[in-house]
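All remarks here apply to the structure that follows.
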């Protein structure tokens, strides 16, 4: 199945891409996807501890099962609003 | 000496006047003035306990000595701002 | 900026009066006339020269107490219809916490010590013919 | 009203979006770009569809939690110069206490859970000659 991987802020700069396509076996969990994706992008791996991950605009757990066409977003710690 | 006595809100309605002239002996204190003024306006007397009194725009104590031309304001409990 | 006005409060002017490049936060409070039962408007009576003096002093005390950059207060005089702004307090600070605290404290003080009195205007009696 | 915008935040429109006749208090918070050392502007990057969803949910939770009448949030996307508004939160309530509390709580949450990232834009290198 195909997934869209969205990258923001420092992760976007590290990967030098806003969006990447990714292919995974049906039934893959979010945790399994992350293992594979971070192995392919080792410079992002050190950020896993502070990384928030959203699937289709909602924060999701590593146990969540992914589906064809899912939008997976890797979110650095947020810093909106006032300074 | 002559004093200007300013009345607001419910006190203005009770006395039916926004401003009254008053004459007192030099050396009169604010407390002495109030005794005489409220004796002359007995319908205001019951409000003395909750009345704030200002002399020349500043809240003053009963011991304050009044002077020629002083503006004495009798202030009901305030209620500005939002509802 | 301390203003007592018979006209509509110019909220943008109140905000602009406190804006500073060193500010990271601006908090504005608007007191508005609420549609309570039988209320179509409120009348505000003000002892203007004393109110201006007390509000100017209040703004200075708030700046010192909370370390805010600037603080403005505008209050209406006279009749304000339901939905209208009776009072505006704007406060600018480096950080949001002190801006919120100063603004809330000033409103508490406005209701406590500023010589302003509100009343519900009497309804006009309609005569039938 | 939940708005993510590349243009200047229209503060009057944000305020008007929460005004109600049943309100006695409106609180507005503006986050402004502060002139810190070497900062002339800030860049805001936003995951727009998720930010809209999280902000809409936040506004509903604030209404339920504090019993406020309405709450609007607007946030800038892109470059905001020093002095510019990066975020506006407006809240209307029957009484001032809940309006202040809801507005402050929403700002804490905006900084905690909304997918927005700010950065200092890199300075252009000036070449001599």
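Chains as they are written, first to last, in the working numbering: chain W, 100 to 182; chain A, 100 to 182; chain D, 3 to 131; chain G, 3 to 131.
Glycine included, C-beta positions come from ideal geometry on N, C-alpha and C.
All figures in this text were calculated on a predicted structure; none of them were measured in a lab.
In this structure, residue 90(D) lies away from residue 4(D), with their beta-carbon atoms at least 9 angstroms apart. No Cβ of chain W is located within less than 9 angstroms of the beta carbon of residue 65(G). By the neighbour-count criterion, in which a residue is buried when 16 or more other Cβ atoms sit within 10 angstroms of its Cβ, residue 87(D) is buried. Residue 136(A) has no beta-bridge partner at all, per DSSP.
9 angstroms or more divides the Cβ of residue 73(D) from the Cβ of residue 39(D). In this structure the region 116–124 of chain G lies against the region 42–57 of chain G, because at least three pairs of beta carbons, one per stretch, are closer than 8 angstroms.
When DSSP reads this structure, residue 84(G) sits in no beta bridge, so it has no partner.
With a cutoff of 9 angstroms on beta-carbon distance, residue 127(W) and residue 164(W) are scored as near each other. Residue contact check for residue 69(G) against chain D: no CB pair falls below 9 angstroms. In the pairwise beta carbon analysis, the region 64–83 of chain G is classified as not touching the region 53–67 of chain D: fewer than three pairs are separated by under 8 angstroms. If you check the CB distance, residue 104(A) and residue 173(A) come in under 9 angstroms. Take the alpha-carbon of residue 22(D) and the one of residue 59(G): they are about 32 angstroms apart. DSSP places residue 68(G) within a helical segment (H, G or I) once states are collapsed to three.
In the three-state scheme derived from DSSP, where H, G and I count as helix and E and B as strand, residue 4(G) is classed as strand. Comparing alpha carbon positions, the residue from 100(A), 107(A), 138(A) closest to residue 177(A) is 107(A). The three-state reading of DSSP puts residue 179(W) in coil, since its state is none of H, G, I, E or B. What residue 96(G) touches in chain D, judged by beta-carbon distance under 9 angstroms, is 36, going in chain order. Within the DSSP bridge table, the entry for residue 34(G) names 87(G) as partners. Within the region 140–153 of chain W, the residues whose Cβ lies closer than 9 angstroms to some Cβ of chain G are 151, 153, listed in chain order. Chain order gives the chain D residues near residue 174(A) as 49, 117, where near means a beta carbon separation below 8 angstroms. CA-CA distance, residue 33(G) to residue 131(W), rounds to 39 angstroms.
Residue 146(W) is positioned such that its CB atom lies closer than 9 angstroms to that of residue 109(W). Not a single C-beta of chain G is nearer than 9 angstroms to the C-beta of residue 133(W). Not a single C-beta of chain G is nearer than 9 angstroms to the C-beta of residue 122(D). Counting along the chain, no alpha helix (DSSP H) covers residue 116(D), and no H or E run does either. Check the Cα spacing between residue 175(W) and each of 75(G), 47(G), 30(G): the tightest is with 47(G). For residue 120(G), the three-state secondary structure derived from DSSP is strand.
For residue 21(G), the neighbours in chain D by C-beta distance under 8 angstroms run, in chain order, 34, 85. Contact of residue 52(D) with chain A is assigned, a C-beta pair being separated by under 9 angstroms. The residue from 44(D), 103(D), 75(D), 97(D) with its alpha-carbon nearest to that of residue 15(D) is 75(D). Residue 47(G) sits in a strand when the DSSP states are folded into three classes. The beta carbon of residue 179(A) falls within 9 angstroms of a beta carbon belonging to chain D, placing the residue at that interface. DSSP places residue 105(A) within a strand segment (E or B) once states are collapsed to three.
Restricting attention to 9(D), 92(D), 77(D), the CA atom closest to the CA of residue 19(D) is found in 92(D). The C-alpha of residue 99(G) lies about 18 angstroms from the C-alpha of residue 28(D).
Sorting 122(D), 85(D), 7(D), 31(D) by C-alpha distance to the C-alpha of residue 108(D) places 31(D) at the top.
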